[in-house]
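Notes follow the structure.
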Amino acid sequence: GEDVEQSLFLSVREGDSSVINCTYTDSSSTYLYWYKQEPGAGLQLLTYIFSNMDMKQDQRLTVLLNKKDKHLSLRIADTQTGDSAIYFCAETALGNEKLTFGTGTRLTIIP
Amino acid sequence: NAGVTQTPKFQVLKTGQSMTLQCAQDMNHNSMYWYRQDPGMGLRLIYYSASEGTTDKGEVPNGYNVSRLNKREFSLRLESAAPSQTSVYFCASSEVSGSHNEQFFGPGTRLTVL
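Residue numbers (this note's numbering), protein chains in the order written: chain A, 22 to 132; chain B, 9 to 122.
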């Protein structure tokens with residue numbers, strides 16, 4: 022079945038850029054998503070990218086997709102304390118509308 | 009709009025007790041989902057409902073049942089709770105378009121089974 026992998030932890034100094042990485046196995050993935058989960062809350066969609074795109078930028082967020090290597094990344098510029106959260110990568114595929122989630126990466130900001 | 013609401017927020021059960029987790033959405037979405045979140049394991053799909061009147065098993069359905077009561081409401085029932093069901097449970101809803109599935113999540117129910 023499909024598999025989505027992320028590293029569990031990332032620490033970044035306030036003001037630096039954060040890069041959260043994700044790899045997936047399903048070659049028929051169509052949409053890839055980044056969700057943010059703040060402490061004690063549900064998940065909120067941050068951004069998504071369609072599989073025929075290489076990059077998508079939205080203010081401080083940049084998503085890069087390498088379809089050949091099945092690698093997705095989320096870059097957060099000028100990381101702030103409010104960016105502390107767990108970030109989940111997820112994907113859907115043709116014929117499979119259900120989301121497959123990664124394990125989540127806990128981003129910690131060092132003052 | 010309230011979005012996706014879940015009740016209760018917290019619950020403690022003893023092994024063998026039963027309970028129902030409630031979920032409602034006011035976005036007129038066709039699809040609804042139940043997930044559990046455990047440390048280091050991400051979100052795992054328990055059951056989903058692609059439309060009113062249909063339900064299907066997800067990745068980890070054992071020990072759970074669901075009811076899609078109407079388009080708005082999707083409940084999750086634990087008939088005989090076990091300590092392995094200690095987890096945070098999330099309900100979500102979406103309107104699937106092609107394979108684009110932007111899901112909206114509730115705030116979660118934190119369940120402890122002793």
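The C-beta atom is built at its ideal place from N, Cα and C for all residues, glycine as well.
Reduced DSSP category for residue i - H, G, I as helix; E, B as strand; rest coil
i        : result
Thr23/B  : coil
Ser92/B  : helix
Asp75/A  : coil
Gly103/A : helix
Ala58/B  : coil
Thr63/B  : coil
Ser107/B : coil
Gln27/A  : coil
Lys17/B  : coil
Asn117/A : strand
Arg76/B  : strand
Ala10/B  : coil
Ser39/A  : strand
Ser48/A  : coil
Thr124/A : coil
Closest residue to residue i among the options (Cα-Cα distance)
i       : options                                : result
Thr46/A : Arg127/A, Gly61/A and Gly123/A         : Gly123/A
Glu23/A : Val96/B, Arg85/B and Arg52/B           : Arg52/B
Ile70/A : Gln101/A, Ile130/A and Asn87/A         : Asn87/A
Ala98/A : Cys110/A, Val84/A, Phe30/A and Thr44/A : Val84/A
Leu93/A : Arg34/A, Met74/A and Ala106/A          : Met74/A
Gly24/B : Ala100/B, Glu81/B and Arg85/B          : Arg85/B
Lys77/A : Trp55/A, Gly116/A and Phe30/A          : Trp55/A
Asn9/B  : Gln45/B, Ala90/B and Ala32/B           : Ala32/B
Leu67/A : Leu122/B, Thr117/B and Phe113/B        : Phe113/B
Met35/B : Asn70/B, Pro47/B and Ala100/B          : Ala100/B
Lys22/B : Gly106/B, Ser95/B, Ala89/B and Val12/B : Ala89/B
Lys79/B : Ser105/B, Gly61/B and Pro91/B          : Gly61/B
Cys43/A : Phe30/A, Val33/A and Glu26/A           : Glu26/A
Ser39/B : Thr117/B, Ser26/B and Thr63/B          : Thr63/B
Bridge partners - residue i, DSSP secondary structure assignment
i        : result
Ile70/A  : Leu53/A
Ala100/B : Tyr41/B and Phe113/B
Asp46/B  : Gly50/B
Leu85/A  : Met76/A and Ser94/A
Buried or exposed by the 16-neighbour rule on C-beta atoms within 10 Å, applied to residue i
i        : result
Phe98/B  : buried
Thr100/A : buried
Asn109/B : buried
Gln74/B  : Per the sequence presented here, residue 74/B reads as Val, with Gln not at that position. The residue in question, Val74/B, is buried, as its Cβ has 16 or more Cβ neighbours within 10 Å.
Phe18/B  : exposed
Thr120/B : exposed
Gly103/A : exposed
Met49/B  : exposed
Ser95/B  : buried
Leu115/A : exposed
Ile130/A : buried
Phe30/A  : exposed
Val12/B  : buried
Any non-hydrogen atom of the ligand SAM closer than 8 Å to residue i Cβ
i       : result
Lys79/B : Among the components modelled here there is no ligand, and therefore nothing to report on the ligand SAM.
Using a Cβ cut-off of 9 Å, which residues of the stretch 85-110 of chain B contact any Cβ in chain A, in chain order?
Going along the stretch 85-110 of chain B in chain order, one finds Phe98, Cys99, Ala100, Ser102, Val104, Gly106, Ser107, His108, Asn109 and Glu110 with a Cβ nearer than 9 Å to chain A.
With 7 Å as the C-beta to C-beta threshold (strictly closer), list the residues of the stretch 34-59 of chain B near chain A in chain order.
From the stretch 34-59 of chain B, only Gly48, Met49, Gly50, Leu51, Leu53 and Tyr56 have a Cβ closer than 7 Å to chain A.
Short of 7 Å Cβ to Cβ, which residues in the stretch 86-110 of chain A face chain B?
Residues Phe109.
Going along the chain, which residues of the stretch 40-63 of chain A sit with their C-beta nearer than 7 Å to a C-beta in chain B?
Residues of the stretch 40-63 of chain A that bring their beta carbon within less than 7 Å of a beta carbon in chain B comprise Thr51, Tyr52, Ala62 and Gly63, in sequence order.
According to a CB-to-CB cut-off of less than 9 Å, which residues of the stretch 60-84 of chain A neighbour chain B?
Listed by position along the chain: Gly61, Ala62, Gly63, Leu64, Gln65, Leu66, Tyr69 and Phe71.
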